[in-house]
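Colleague: The opening position of the sequence shown corresponds to residue 7 in my numbering, with each subsequent residue numbered one higher.
C-beta: ideal position from N, C-alpha, C; glycine also.
Have a look at the structure that comes next, please.
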Amino acid sequence: MTDPIKIDIPALPYNNKNNDTSIINNVKVKYIATKQDKFGKEISYFKITSEIKQILGYLNGDLKCPFWVADDGIVLKVNSKFVPNSIDQKGQFYEVIIEMCFYEFQPKDNKDMIKGYFAKLYI
Numbered sequence: 007m008t009d010p011i012k013i014d015i016p017a018l019p020y021n022n023k024n025n026d027t028s029i030i031n032n033v034k035v036k037y038i039a040t041k042q043d044k045f046g047k048e049i050s051y052f053k054i055t056s057e058i059k060q061i062l063g064y065l066n067g068d069l070k071c072p073f074w075v076a077d078d079g080i081v082l083k084v085n086s087k088f089v090p091n092s093i094d095q096k097g098q099f100y101e102v103i104i105e106m107c108f109y110e111f112q113p114k115d116n117k118d119m120i121k122g123y124f125a126k127l128y129i
């Protein structure tokens with residue numbers, strides 16, 4: 007069993023008026039799988055294999071984010087339309103650039119605004 011990941015970095019600020027995005031460079035990932043979600047979208051999953059403190063900042067906030075802590079590290083979830091075509095080998099390691107894009111929307115059946123980040127990958 008691995009040691010738990012300590013998450014002690016404050017949440018990253020956001021400002022939806024500026025259409026905030028953040029770039030995380032030189033991230034090493036391992037392509038795990040692509041699956042279809044309950045809405046019919048193809049979603050790709052990656053294990054983060056490099057230590058990037060910026061990622062931990064996204065995990066601490068009240069915003070939804072495409073990262074979560076699994077038993078063996080941090081997993082990244084990306085809509086497959088935002089994954090380069092050259093990333094196509096399961097189990098293969100890649101060095102990518104992650105663009106974190108802020109979003110917010112008001113669901114019809116919920117009074118609370120949903121805010122968060124989604125990821126786009128670049129090689």
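Under a three-way DSSP split, which group does K195 fall into?
Modeller: Not covered by the structure: residue 195. The range shown for the chain is 7 to 129.
Colleague: Could you pull the DSSP bridge partners for L82 from this structure?
Modeller: F52 and F73
Colleague: If you draw a straight line from the alpha carbon of A39 to that of D118, how long is it in whole angstroms?
Modeller: Rounded to the nearest angstrom, the two C-alpha atoms are 32 Å apart.
Colleague: Can you find the residues in the same chain that come closer than 8 Å, C-beta to C-beta, to Q98, ignoring five residues on each side of it along the sequence?
Modeller: K36 and Y37
Colleague: Am I right that K121 and L69 are in contact with their C-beta atoms under 8 Å? What's the rounded C-beta distance?
Modeller: Between K121 and L69 a beta carbon distance of about 5 Å is seen, short of the 8 Å cut, so the two are scored as contacting.
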